[in-house]
Every structure is written in structure tokens, then in C-alpha cells.
Amino acid sequence: MRDYQIRGLNWMISLHENGINGILADEMGLGKTLQTISLLGYMKNYKNINGPHMVITPKSTLANWSNEFKRWCPSLNTICLIGNQEERTNLIRKHLSSTTSFEWDVLITSYEMIIKEKAALKKFNWSYLIIDEAHRIKNEKSKLSEIVREFKTNNRLLITGTPLQNNLHELWALLNFLLPDVFNSSDDFDSWFNTSTCLESDQLIQRLHTILKPFLLRRLKNEVEKRLKPKKELKIYVGLSKMQREWYTRILMKDIDIVNGAGKSDKMRLLNILMQLRKCCNHPYLFDGAEPGPPYTTDQHLVDNCGKMAILDKLLPKLQDQDSRVLIFSQMTRVLDILEDYCMWRGYQYCRLDGSTAHEEREKSIYEFNKPNSEKFLFMLSTRAGGLGINLATADVVIIYDSDWNPQVDLQAMDRAHRIGQLKQVRVFRMITENTVEERIVERAEIKLKLDNVVIQQGRLADNTNKVGKEEMLGWIRHGADQIFASKDSQITDEDIDEILKRAEAKTEEMKKKIDDLGEGSLRNFTLDTNEQFSSVYNFEGEDYREKQKLGSALAWIEPPKRERKANYAVDAYFRDALRVSEPRAPKAPRPPKQPNVQDFQFFPLRLFELLDREIYYFRKTVGYKVPRNPDLGSDAAKVQKEEQRRIDESEPLTESEIIEKEELLTQGFTNWTRRDFNQFIKANEKYGRDDLENIAKEVEGKTPQEVEAYTEIFWERYQELTDSDRIIAQIEKGEQRIQRRQDIKRALESKMGRYRAPFHQLRIAYGTNKGKNYTEEEDRFLICMLHKLGFDREMVYDELKAAVRNSPIFRFDWFLKSRTALELQRRCNTLITLIERENQELEEKEKQTKKKPGPKPGLAKSTNKRSSATTEPSAKKKKKR
112 MRDYQIRGLN WMISLHENGI NGILADEMGL GKTLQTISLL GYMKNYKNIN GPHMVITPKS
172 TLANWSNEFK RWCPSLNTIC LIGNQEERTN LIRKHLSSTT SFEWDVLITS YEMIIKEKAA
232 LKKFNWSYLI IDEAHRIKNE KSKLSEIVRE FKTNNRLLIT GTPLQNNLHE LWALLNFLLP
292 DVFNSSDDFD SWFNTSTCLE SDQLIQRLHT ILKPFLLRRL KNEVEKRLKP KKELKIYVGL
352 SKMQREWYTR ILMKDIDIVN GAGKSDKMRL LNILMQLRKC CNHPYLFDGA EPGPPYTTDQ
412 HLVDNCGKMA ILDKLLPKLQ DQDSRVLIFS QMTRVLDILE DYCMWRGYQY CRLDGSTAHE
472 EREKSIYEFN KPNSEKFLFM LSTRAGGLGI NLATADVVII YDSDWNPQVD LQAMDRAHRI
532 GQLKQVRVFR MITENTVEER IVERAEIKLK LDNVVIQQGR LADNTNKVGK EEMLGWIRHG
592 ADQIFASKDS QITDEDIDEI LKRAEAKTEE MKKKIDDLGE GSLRNFTLDT NEQFSSVYNF
652 EGEDYREKQK LGSALAWIEP PKRERKANYA VDAYFRDALR VSEPRAPKAP RPPKQPNVQD
712 FQFFPLRLFE LLDREIYYFR KTVGYKVPRN PDLGSDAAKV QKEEQRRIDE SEPLTESEII
772 EKEELLTQGF TNWTRRDFNQ FIKANEKYGR DDLENIAKEV EGKTPQEVEA YTEIFWERYQ
832 ELTDSDRIIA QIEKGEQRIQ RRQDIKRALE SKMGRYRAPF HQLRIAYGTN KGKNYTEEED
892 RFLICMLHKL GFDREMVYDE LKAAVRNSPI FRFDWFLKSR TALELQRRCN TLITLIEREN
952 QELEEKEKQT KKKPGPKPGL AKSTNKRSSA TTEPSAKKKK KR
């Protein structure tokens, strides 16, 4: 172990000796896994604490953890909980059925398995609970975060290379998991470190350093690992191909009003445009219809139609000649599909890993790539799935094909190669499409990363740097659009790769100098919005692009299907599908023009529908409509078709009196009730029950209580006429059952409370065999009494109950109860209410049985009374004499 790793081990041992949990937050690539394994080895060999320990990791690093345990501390017996339902059940039955005797020391499992197998894992009292990439629980309301808080543990350790990613609340979530009795209120924590009041003062920095020092160990590579050469990053700016430029133009033309600021800047639409533009920069074949074919072929067009692929095609042979090995990261798995096609065409040996890759396949790919004298030249990974904890130090070149929104994710991806064990200098090539949204996204990531270094790493936290506003997104989309519209030619350069890299080096240095010159204040106020005016967008080279806009709106922008093909192209299947003739659908039956819009929920008189049907049948007769016959449907359908045709043939026009009657009937329904009014009425019935007309009337906007009452009367008489009456009535009855249930619970609580003068001290719960292990009777008593006091049927009652628990002096040291969420408290209260209802029912049955018992027979009672009177009288006389 390195010196700093020994110091890390000693720091974790001191935490254990002092009963403190902590965060091992060394920068990525400094051997946090090794330091953690050394801690567990120390516990077994020097402290005789064999476990059980649990390590929770991302799925991609399970194999790496298992291999590292075998390599560094084979005396620790490990098991790996992963696989399908059957495999997990067998492992649990074999190794986890007993909570007293263990053949293993460490259980390694993934986030997903923790959620699926929490019932089996909660039975153990874990010596150490260790979470790798612990920023996964930075949201305390996530499912994983809630589950890991329920485990019984003696010690907890978090491992993360990026402990302070975004804001102060995420830091509190990690500290709350480690020490819930100390960090039990995020509000108090936020008020103590109020960034708005003391951001510029040293007081906040000192407070953060003071609070973090006992719990967090953070070392950087350039401080401790002198033998590891610093990584060198180059930004390669690439041009657009002719096809990319055409698709980029189409995307902008589709929403030209938004691009020009004339339309309403809806954030979701802007994000969608951004996503489409980024896909265009990655490869135009991501859009359905862009790739030439069928038949589809894999050849030079894969490279010629994409700027990034053209540069990649020049760069990879040079890297292979230099005996380098390459990692390629992309956010889009469909880009990896295209890269696979390219590798097969060029003959490069490769491995692939993304979120859908099975655990065994991941393990095999990593082993194949890392083994000595491996033939694998390339390893392509999706950024989020392959950027966590994997050790691929046998590679020395990282290509970031497209940058992530979060710069920390790209840093994690680079550190798959730039880590201990790397013997060469790691080179990072980041591909950026020039004069497109990609350029602005990368610039913003650089600014954010610099601000993190200046502010967060010094101890201050800036919450306002992570939100992208609509105006900023609009500026990104506009960036370079005038140049895109102004030319249709390709921008892919024919320069030699050495010239391209030389130019990239100069531009990277220029960007670095530009950002380094910005101070903290400038970084905070930095915006990537532009003042470019797009007056030229509509009129260019004598053409009016307002007309072009109509063409652009006609383009069908449907999300393209997943690119399935890799190397096998089923041309025969394509032509078979293309030549298949489908049966033509029968045309819809014609209806008269200007038919009144009659809705079933408006409850018109039934006579009106009869007249309207006659009018429709007569119209079909006048146009010569014939009901289509389909002999394949059977005899019943044929009878219906025959009856329909008979009505058309025998139909007659409405008489004058019937037309007047129809017009009169059209005024007799609830014509002023819209679909919105009807939906509000149904929801109100579900919420309050059909009898609470007062509250129902309040829920239906724009209707008086008298109107709602009149509608209610007709509704319950004629609801069977509604198209989906069964669903509507079931919805209302379900709501009424909930109301009835709340009333039953309220009565049960009142009955229980009525049996005690001081329920907060005297109340007892009849658990039977359902006591449970987690909650004490004192905790349960407080929950029930406080729930009754707050009012069971009120909204947000469980949030108030959670606050009452945290503020109660009784539980000031009860971190288990104080760390429960509102949802967990609700579940516990539901269990207790069930027990109370059962107890109330048993008491009622006992009272009934007591009342049914016959009294003593009259004769027997009489003689007993005589005996009693005979025995009592002398004693009375004696008493009198005395």
C-alpha cells in the first residue's frame, strides 16, 4: 500500500475506535477500494471481528470488488448476491438462512439487489455497511436511501470520489445517513450554513471545515500520487458533414419560431430541440430515414456522413500504431451500435458495456480487455453505466465522443484509465462539433467545473450553478444557426491528423486560459446566452424562410426506433414486409353534416336520440350507403349487418312536427355542462361521497348548489346510459369506501383512547404475535396518541407526526424513530390501527357474550337470599348488643 493509503486505513481505524461513521472521499483512482478492504482485513485479523459486513456497489463494479478481495485479502470470505430470482433464492437459502453462524465475512451486492432482497438482508446485524459511489443516496427520499437506513448496523462507511456534487442538502443527506441522531434536521443544517447570508465570508468556510473534518477524508491525486503522470486533455473541434448540416437545418426549421424567440419558450420543447441537435452532432443515422438503404451496407458512408466518425477514422490508426489502447465513452447506446458496425468494418477488436449488459458479460468483457497481451484494442462504454468504479488502467487513451451535462460524470469516465496501475500518460480526446449546441454545453460544463474547484472544494457551496434557464438554452440553440443556414457544404476537414491535433491543442489552451482568467464573481455571473440577432434567418439568398417553415412543419418528427442492426442485414425480410399487402379497412359510415354535439353526460331525453338516429339512417339512404358485409365474422354479425341495412332502407325523413320536437328536445338536456364540469362532478363524488352535496357543489367550478343538486338527481336516475358507467360508478364507490374506512378508523381510535385517563402514559397495545422488532411499545404509544391528537383524517398529518417525533424530548436519542420518513410512519400507524381494531372487536364480542349469559334461577336466588338474610341478621343483633 502507498503511504497515503496507510494513513487512510489509520484514519478509518480511528473512526471505528471512536464510534464514528465517515466518508472516504479520495479523488477517483487513488485506491479507495483497497483501503476499504484493508480496513475489513484489519477488523478480522487484529480485532477478531469477522462480520458480517455488507458492501453495496454499482452493478458495473461487482466483479472488480470480488477480484480485489481475492487479490489483496484472501482471508476474507466473500459472497456476491446478484442474478435472477432463482439464483438469488438459492444463494439466500444456502448462505443467508442463518443469522448466527456464517461461512462468509463480506456480502457484496448492488443497489438493485438491495431493493429486491431487503427482507432477507434486514434480518442481520451488520458489522460494517459500506456504500460505494455513495452519492447515489444523496436524495434521502429515494427508495435505496430509505431502505439502507432501515438496516441494523454497528458502523457505516461511505465511499465516493465526488462527495460534494451539487448543493448543501445533498451533503446533509449523506451526513444524516452516517449520524442521524446528530444531523436530524435539514432545516437546521441549512440555516447554520446559509449561503445567501454568509457566502462571501470566511465564517461559512470555517464552519464547513469544522463540521466535515471528523467525518470526511479527501486527498487529490496531484497531492499524494506523484508517480502517476497527470492526464492530458485535448478538445478536438470537428465540422459537420453535408448530411448532418441538412438534418441540423431541418431540426431548427421545425421550431423556427422558438429559435427566433417569436413562439412561447416552453422548457420541455427547448430540451427536446437540444436533444435532437445533439443526436445530429453524434451521427445523422440516429434519425430514421437518414441512412441510405435498404439494402443497408456497412462501408465508407458511415464515416463520410459524420464529422466525429471522420476524425475517429483518422485518429484510431495513429493510436494503434503507437501501441495505445482506447476507451470510447458515449451517452447514447445507439451511438455504440454504430461504433460496433464501424469496428466490424475496420476490423478492430473491441468490447462493449452499457446499462443493459448482463453482469456475467460485464465481468467477461473487463477481464478480456485487461488480461496480459489482450487483443482487444477498443472498449466502448456508455458514460453513466461505465463511468463508475471500473478499473481499465490497461488503456491509456480516453475518447469522450459526446460530453455529459454533468462534468463530474466525464471525470469519472476519464479516471477509468487514469488511476493507480497506469504506467503511461493518459490522453483524453474530447470531441466537440464546432458552432453547434455541443460547443456551448461543453463551455458551460467547464465553467461549472471551475466554479466547483474555486467554491465547493474550498468549502463553500453554490446552489445556483446547476439550473439551466430557458433563455440560456435558447442561446445554445441559436449558437451557430446563422452559419448552419448560410451553407449546405460539408465542414469536415481533409487535414492530416497531426495538424488536427496541433490545432486542437492550441484551441484547448486558449479555452483554458479564458476560464482561468475568470474570477469567482465572473464565474457566478457567466452566461452562455448570446446577443446574436437572427434577422437573416427568415430571408436568405432571396428566399423567404417563412415559406420554408411550412415545409419544415410537415416533417414527421417521430422519435426514431432503436437501431437494431449491427452486422447482419435481413434484406429479404425487408422486401417481404414491403411487398405484403394488407386488407383495406372498410370506410366509416357517413353522417349528416352539422349534427348537434350531443354528449351522454348531458342527459338529453331518450326521444331525442331516437329522432337523431332516424335522421342519420335517412341520410345514409339518400347517399346510397350500403352496410359492408363480412362473411368471416360469423352469423351473429351478419344478422346485425342485415338489421342495420333494413333500417336504412325503410327510413323516412322527419316530419315538420318531429323537426320542431327535436329542436325543443335539444334544449332539455344539461347543455351548459361541459366534459370538464362532468369530470369535476365525478371526482367530487369520489372525494366526498354522493350524499355530501355541499362539498360537491364547491368542487364544480361555475355551477351553483341548485344546479349541482338538479344534476345529481338526474345523474343517479340515468347513470346507466353513460358509455363507461361501470368504471365511473366503481370509481365513486371506491372513494366512498375510503371515506367509510377513515370514519371506522376514527371511531376505533376514539374508542381506544376513551378507555384511558392518561393515554400517553397508560395506553397499551395488544400485539399478540405481531410485536415486530423495530419499534418499541413506547414509540408505538406515542405514534397512536399523537395521531389521535393531530386528527387522523387531516391532510399532511404524517408530516406533522414526523415533526412531532423529532421535536419530542422523549426521543432525543432515538435515532431510529427520528430518521423515519412520513411514509414509514404511516405504514407503522396502519399496522397499529389494525391491532386496535382487532382489540376493539374482541372486547365487543366479550360484552355481547356477557349479556347473553342467563341469570340465576328464581328459586335458587330466593333460597340464597334467605340464607344470606338468616346469617346476617344474628350478626346484626350481636353488633347491636355490643
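For what it's worth, my numbering labels the leading residue of the sequence shown as 112, then goes sequentially.
Glycine included, every Cβ here is placed at the ideal spot set by N, Cα and C.
These numbers were taken from a predicted model, which means no experiment stands behind them.
First and last residue of the uninterrupted beta strand (DSSP E) at residue i
| i | result |
| --- | --- |
| K346 | 343-349 |
| S493 | 489-493 |
| A154 | Looking at the sequence shown, residue 154 is not Ala but Met. From DSSP, M154 is part of no beta strand (DSSP E) but of the alpha helix (DSSP H) over 143-156. |
| T823 | Looking at the DSSP string, T823 is not in any beta strand (DSSP E); the run it does join, the alpha helix (DSSP H), is 816-829. |
| V56 | With the chain covering only 112 through 993, there is no way to say anything about residue 56. |
Beta-bridge pairing of residue i - partner residues as DSSP gives them
| i | result |
| --- | --- |
| M897 | M897 pairs with nothing; no bridge assigned. |
| R267 | L240 |
| C462 | F490 |
| V811 | V811 pairs with nothing; no bridge assigned. |
| R538 | K343, V508 |
| V446 | V446 pairs with nothing; no bridge assigned. |
| S441 | S493 |
Where residue i sits in the DSSP three-state scheme
| i | result |
| --- | --- |
| Q660 | Because the pLDDT at Q660 is just 46, under 50, the model does not fix this residue reliably, and the point stays unresolved. |
| N132 | coil |
| N121 | helix |
| H206 | helix |
| R329 | coil |
| M364 | helix |
| T942 | helix |
| M112 | coil |
| L191 | The question names Leu, but residue 191 in the sequence shown is Cys. DSSP places C191 in strand when its eight states are reduced to three. |
| T409 | coil |
| T544 | strand |
| H127 | helix |
| R635 | For R635, the pLDDT reaches just 48, beneath the cut-off of 50, and the residue's location in the model is therefore unreliable, although a value from the coordinates is still provided. Of the three classes helix, strand and coil, the one that applies to R635 here is helix, per DSSP. |
| F903 | coil |
| S435 | coil |
| S485 | coil |
| C454 | helix |
| F288 | helix |
| L833 | coil |
| V335 | helix |
| Y867 | coil |
| N502 | coil |
| M420 | helix |
| I558 | helix |
Where the alpha helix (DSSP H) through residue i begins and ends
| i | result |
| --- | --- |
| M525 | 518-525 |
| M872 | The amino acid at residue 872 is misidentified as Met; the sequence shows His. Its alpha helix (DSSP H) spans residues 870-873. |
| M77 | Only positions 112 to 993 of the chain appear in the structure, and residue 77 is not among them; the question remains open. |
| L912 | 908-918 |
| L723 | 717-733 |
| L218 | Premise fails: L218 lies in the beta strand (DSSP E), 217-221, not in any alpha helix (DSSP H). |
| D837 | 836-864 |
| A230 | 229-232 |
| F180 | 173-183 |
| L397 | That residue, L397, is in no alpha helix (DSSP H); it is neither H nor E in DSSP. |
| K254 | 254-259 |
| K249 | Unbroken run through K249: none, as it is neither H nor E. |
| F927 | 926-929 |
Neighbour flag for residue i against chain D, beta carbons, 8 Å
| i | result |
| --- | --- |
| E620 | The structure shown contains no chain D, having only a single protein chain. |
#### Entry: Whole runs of the beta strand (DSSP E) within the segment 738-795, excluding any shorter than 3 residues
Taken in chain order, no unbroken stretch of beta strand (DSSP E) lies wholly in the segment 738-795 with a span of 3 residues or more.
### Cβ pair count under 8 Å reaching 3, the segment 767-782 against the segment 713-724
Verdict: yes, contact present.
### Cβ contact check for the segment 260-272 and the segment 130-140: 3 or more pairs under 8 Å
A contact exists between the segment 260-272 and the segment 130-140.
### Query
Taking contact to mean at least 3 C-beta pairs separated by less than 8 Å, is the segment 748-758 in contact with the segment 704-712?
Touching, no, given that fewer than three Cβ pairs across the two stretches are closer than 8 Å.
### Query
Can you find at least 3 beta carbon pairs, one from the segment 846-864 and one from the segment 794-810, that sit closer than 8 Å?
The answer is yes - the segment 794-810 touches the segment 846-864, with three or more Cβ pairs under 8 Å.
### Message
Taking 8 Å as the cut-off, does the segment 174-190 touch the segment 210-230 (at least 3 CB pairs, one atom from each stretch)?
### Response
The segment 210-230 is in contact with the segment 174-190.
### At least 3 beta-carbon pairs within less than 8 Å: the segment 387-399 vs the segment 428-435
Too few Cβ pairs lie closer than 8 Å, so no.
### Query
Would you say the segment 140-157 touches the segment 113-132, given that touching needs at least three Cβ pairs under 8 Å?
Cβ pair count under 8 Å is three or more, so yes.
### Message
Would you call the segment 454-464 in contact with the segment 483-491, where contact means no fewer than 3 C-beta pairs closer than 8 Å?
### Response
Taking 8 Å as the limit for Cβ pairs, the verdict is that the segment 483-491 does touch the segment 454-464.
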